[in-house]
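The sequence shown begins at -12 in our numbering and counts up one residue at a time.
Heads up, the beta-carbon is just placed ideally off N, CA and C, and yes, glycines get one too.
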Amino acid sequence: MRLLISCIMFTLLLNACSDERDNSVIEQIRNKGELVVVTRNAPTTYYQGADGEMGLEYELVSRFAKYLGVKLKLVIADNFEDILPMIVRHEAHLAAAALTVTEKRKKYVRFGPAYQNIRQHLVYRSGNKRPESLEDILDSQLEVTAGTSHAERLLELRKIHPDLGWKENRDLSSDELLNLVYEQVIDYTIADSNDLTLFQRYHKEVYSAFTISDEQSLAWAMPYHTDDSLLTEANNFFRQLRSNGNLKQLIERYYGHADQLGFVGTRLYLRHAKTRLPEFQPHFEKMARRYKLDWRLLAAIGYQESHWKPDAKSPTGVRGIMMLTQATAKQLNISNRLDPWQSIEGGAKYLRRILDRLPTRISEPDRTWLALAAYNVGYYHLQDARSITRQLGGDPDRWIDLKESLPLLSQKKWYKKTKYGYARGNEPVTYVENIRIYHDLLVWDDNRVNARRKKPAQTLPEMDSSAF
-12 MRLLISCIMF
-2 TLLLNACSDE
8 RDNSVIEQIR
18 NKGELVVVTR
28 NAPTTYYQGA
38 DGEMGLEYEL
48 VSRFAKYLGV
58 KLKLVIADNF
68 EDILPMIVRH
78 EAHLAAAALT
88 VTEKRKKYVR
98 FGPAYQNIRQ
108 HLVYRSGNKR
118 PESLEDILDS
128 QLEVTAGTSH
138 AERLLELRKI
148 HPDLGWKENR
158 DLSSDELLNL
168 VYEQVIDYTI
178 ADSNDLTLFQ
188 RYHKEVYSAF
198 TISDEQSLAW
208 AMPYHTDDSL
218 LTEANNFFRQ
228 LRSNGNLKQL
238 IERYYGHADQ
248 LGFVGTRLYL
258 RHAKTRLPEF
268 QPHFEKMARR
278 YKLDWRLLAA
288 IGYQESHWKP
298 DAKSPTGVRG
308 IMMLTQATAK
318 QLNISNRLDP
328 WQSIEGGAKY
338 LRRILDRLPT
348 RISEPDRTWL
358 ALAAYNVGYY
368 HLQDARSITR
378 QLGGDPDRWI
388 DLKESLPLLS
398 QKKWYKKTKY
408 GYARGNEPVT
418 YVENIRIYHD
428 LLVWDDNRVN
438 ARRKKPAQTL
448 PEMDSSAF
């Protein structure tokens, strides 16, 4: 009897394994209820932000998992050069790590649809002579991250410049090598334009000398030797993401405000964050807790309004750290606008009222950005701009569409049709974009301070990845 039961169980197991092998990749993913994605910690891909997990790649694969109706399982690669070998070994369903599509890589993995285009740049620090060609750096220290398309491109360029040399670093990411250029530890590195754009938010001293590649595409990588079901679903997903505007919105979320501040503005802000902010930070934190806000957002508003000067005054009579009008202060029961503690509380209370007043269907982060625009231009002018957005065929609940409509409030052709008339519509756009970068800078500084307390990324098995 036991032998019979064992035979039956063994047969059932074999049939189950056979059935699983016969299923398409998508069927296997849905049966298990899990999409396994390998990525990396980087500003362009995946990181822990102010509100939890963030990054363009994280946003994309999270939506893809939801599109498939399964849970997302992220695997964080310790080194960039480990990512593609994991796909070849079928240790993940796909890699979403800001991977450049190259002919060499196509030999080992298949790529999904392109979702962003970049160029490779030779990067140097201001104060040093700007190189005009690769011939100018032959005797200099150039480092790139091992396994990246940068090393692949340099190998191609060596055919033209035989004396070109560089070091491939297994331990440091592209972002970390950019930091070494900033700190003048190395002379040069190669960076993709998206990485460089985000890095320059915090370090304006780092520049592109010139590009070393034509435009290249970023895409997800998937294994060969499987059916096309996963690739087909990825194509359908990105087609939908483009048609409904969500792909454009996500890219704007991470890159739309990155170039807002110039060199002087960034340096001045960082200096004030060290000299002026500490006096007021405890109250920003206290009021943020009371009104369920991010204290760094509240502080960013304060800086945009007054550069954290308690006695600030505008020509129109708006006063204090949060630059409250007399009428607004009265509504908020603020008796002294020049008292920094009262002003901060008034600003927090006012922002919370706007946030609560907006339609509940507006999701974050658009909800916050629309509220910031209303904080500056007024709630009713915001509603006029949303009406114009709707007339133009845009989505009035999305900042990416609304910031195109707000400037129209200063044009007679448009404001004469609105309920509340003329407004300086360009100002709230600049206002919101500045606050976004001020907030990002405070988050970046917080993350830098807390980085030492984080656990190290998981270590993956040793492998020969030279082919990639």
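Anticipated Cβ contact below 8 Å, Glu192 with Ala133, distance rounded:
Between Ala133 and Glu192 the Cβ distance is about 26 Å, and since that is not below 8 Å, they are no contact.
message: Going by DSSP in three states, Gln203 sits in which element: helix, strand or coil?
response: In the three-state reduction of the DSSP assignment, Gln203 falls in the strand class.
Query raised in the report: Whose CA, out of Tyr290, Tyr169 and Arg226, lies closest to the CA of Asn115?
Result: Tyr169
Inspect the beta-carbon positions of Asp179 and Gln107 and report whether they are closer than 8 Å.
yes
Original post:
Is His212 buried or exposed, if buried means 16 or more other CB atoms sit within 10 Å of its CB?
Top reply: With fewer than 16 Cβ atoms within 10 Å of its Cβ, His212 is classed as exposed.
### Message
One question on the structure: do Ala196 and Phe98 come within less than 8 Å of each other, judged by their Cβ atoms?
### Response
no
query = Measuring CA to CA, which of Tyr34, Arg283 and Asn166 is closest to Ala84?
reply = Tyr34
Practice task
Go ahead and label Leu255 buried or exposed: buried means 16 or more other beta carbons lie within 10 angstroms of its beta carbon, across all protein chains shown.
Solution key: exposed
- Task: Let me know the secondary structure DSSP gives Pro210 once reduced to three states.
- Result: strand
query: Should Lys399 go down as buried or exposed, given a rule of 16 or more other Cβ atoms within 10 Å for buried?
result: exposed
Margin query: Beta-carbon within less than 7 Å of Arg411's beta-carbon, same chain only, minus the 5 sequence neighbours each way: which residues are those?
Written below: Only Ser397 meet the Cβ criterion.
Would you mind listing the alpha helix (DSSP H) stretches within the segment 236 to 294 that are 4+ residues and don't spill past its ends, in chain order? Listed in chain order, they are 250 to 262, 264 to 277 and 282 to 293.
Starting from Ala358 and walking both ways along the alpha helix (DSSP H), at which residues does that stretch end? Residues Asp353 to Val364.
Worksheet item: What residue does the alpha helix (DSSP H) around His80 start on, and which one ends it?
Response: It is not in any alpha helix (DSSP H) - His80 carries neither H nor E in the DSSP assignment.
Counting pairs of Cβ atoms below 8 Å between the segment 281 to 292 and the segment 304 to 318, do you hit three or more?
Flag = yes, the segment 281 to 292 and the segment 304 to 318 touch.
Give me, in chain order, the residues of the same chain whose beta-carbon lies closer than 8 Å to that of Cys(-6); leave out the 5 immediate sequence neighbours on both sides. Reliability fails at Cys(-6), whose pLDDT of 44 lies under 50, so the model's placement of it is uncertain and the value that follows must be treated cautiously. Correct list: empty, nothing qualifies.
task = Grab the span of the beta strand (DSSP E) containing Lys300 for me, first residue to last.
result = Where Lys300 is concerned, there is no enclosing beta strand (DSSP E), given that its DSSP letter is neither H nor E.
**Request:** Kindly confirm or deny that the segment 88 to 95 and the segment 55 to 64 touch, where touching means at least three C-beta pairs closer than 8 Å.
**Result:** no
For Glu266, count neighbouring C-beta atoms within 10 Å of its own C-beta (all shown protein chains included) and say buried if the count is 16 or more, exposed if not.
exposed
Quiz item: So Ile424 packs on Arg188, CB below 8 Å; how close in whole Å?
Solution: 6 Å
query: Quick one: what does DSSP say Arg306 is sitting in, helix, strand or coil?
result: strand
- Message: Within a Cβ cutoff of 6 Å, which residues of the same chain sit near Trp328, ignoring the five residues on either side of it in sequence?
- Response: His270
| task | State the DSSP-derived secondary structure class of Gln329, mapped to helix, strand or coil. | result | helix
| Ordered along the chain, which non-local residues of its own chain (more than five positions away) have a Cβ less than 6 Å from that of Ile70? | The residues Val25, Ala64, Ala82 and Ala84, in chain order, have a CB closer than 6 Å to that of Ile70 in the same chain once the five nearest residues on each side in sequence are set aside.
message: Tell me the rounded alpha-carbon separation between Leu109 and Arg258.
response: 29 Å
request  = Could you have a look at Thr132 and say whether DSSP puts it in helix, strand or coil?
outcome  = strand
### Message
Based on DSSP bridge pairs, tell me the residues matched to His108.
### Response
Ala178 and Thr198, per the DSSP bridge assignment.
(request) Return the CA-CA distance between Ile13 and Ile74, expressed in angstroms with no decimal places. (result) 16 Å
Notebook entry, point to check: Asp298 to Ser330, Cα distance in whole Å?
Noted result: Approximately 11 Å, taken between the alpha carbons.
What residues in its chain sit with their C-beta under 7 Å from that of Glu202, if we drop five residues either side in the sequence?
Asn104 and Arg106
- If you draw a straight line from the C-alpha of His426 to the C-alpha of Thr253, how long is it? So the two alpha carbons sit approximately 12 Å from each other.
State the CB to CB distance for the pair Asn166 and Tyr242, rounded to an integer number of angstroms; the pair is presumed to be in contact (CB under 8 Å). Going by Cβ atoms, the distance from Asn166 to Tyr242 rounds to 20 Å, so no, they are not a contact pair.
- Give the DSSP bridge partners of Asn28, in chain order. Tyr33
May I ask which residues mark the beginning and end of the beta strand (DSSP E) holding Ile387? First-last for Ile387: Trp386 to Ser392, but that is the alpha helix (DSSP H), not the beta strand (DSSP E).
* Coil, strand or helix - Thr219 by DSSP -> In this structure, Thr219 counts as helix in the three-state DSSP scheme.
Rounded to whole angstroms, what is the Cα-Cα separation between Trp153 and Thr87?
20 Å
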